[in-house]
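**Q** In my numbering, the protein residues as written are 663 to 776. Think of the CB as a built atom: it goes at the ideal place given N, C-alpha and C, for glycine as much as any other residue.
(1) Once DSSP output is grouped into helix, strand and coil, what is the label at residue 722?
(2) Who are the near neighbours of residue 718 in its chain, counting only those whose CB is closer than 7 Å to its CB and skipping five residues on each side?
(3) Quick check on residue 748: does DSSP put it in helix, strand or coil?
(4) What are the boundary residues of the beta strand (DSSP E) that residue 691 is part of?
(5) Residue 694: which of 746, 735, 668 and 725 sits nearest, CA to CA?
(6) Mark residue 770 as exposed unless 16 or more other C-beta atoms lie within 10 angstroms of its C-beta, in which case mark it buried.
(7) For the beta strand (DSSP E) holding residue 734, just list the boundary residues, first then last.
(8) Does the distance from the C-beta atom of residue 746 to that of residue 673 stay below 8 Å?
(9) Could you tell me whether the region 686–700 touches the region 754–771, where touching means 3 or more Cβ pairs closer than 8 Å?
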């Protein structure tokens, strides 16, 4: 069974930065699209960043120019660098393939507030 473990969340002031990490127990990201998702209270989970097998990136309009997705293939790890954070970025953040594998991690909470 695949395990995905997200970390790096926390409380940050508007304009601040965080770097999220996601470690996979197996090489589910190999040859697959890697994605970061988020789910805010009362809202559906949304895909915010994608990294393709050839290292192209796609971002949701709401985060483009502020978030950067990257990987360390040797560590089966995906990262999300988040800069210029806004209160509306507050959510639980998850990683998975895109489209998503059936297994999800516990996510990591990001709270942007002054």
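**A** Walking through what the data contain:
(1) Counted from its first residue, the chain shown places residue 722 at position 60. In this structure, residue 722 counts as coil in the three-state DSSP scheme.
(2) Taking the chain shown and counting its residues from 1, the one referred to as residue 718 is at position 56. By the criterion of a C-beta distance shorter than 7 Å, residue 718 is surrounded by no residue of its chain, once the five residues flanking it on both sides are discounted.
(3) As a first step, residue 748 is located in the chain shown; it is residue number 86 there, counting from the start. In the structure shown, the three-state DSSP call for residue 748 is coil.
(4) Locating residue 691 in the chain shown gives position 29, counting from the first residue. Unbroken run through residue 691: none, as it is neither H nor E.
(5) The residue labelled residue 694 in the question sits at position 32 within the chain shown. Out of 746, 735, 668 and 725, 735 has the C-alpha closest to the C-alpha of residue 694.
(6) What you label residue 770 is simply residue 108 of the chain shown in a count that begins at 1. So residue 770 counts as buried.
(7) Taking the chain shown and counting its residues from 1, one reaches residue 734 at position 72. 729–734 is the extent of the beta strand (DSSP E) around residue 734.
(8) Along the chain shown, one-based indexing puts residue 746 at 84. Along the chain shown, one-based indexing puts residue 673 at 11. Result no, Cβ atoms of residue 746 and residue 673 do not sit closer than 8 Å.
(9) yes
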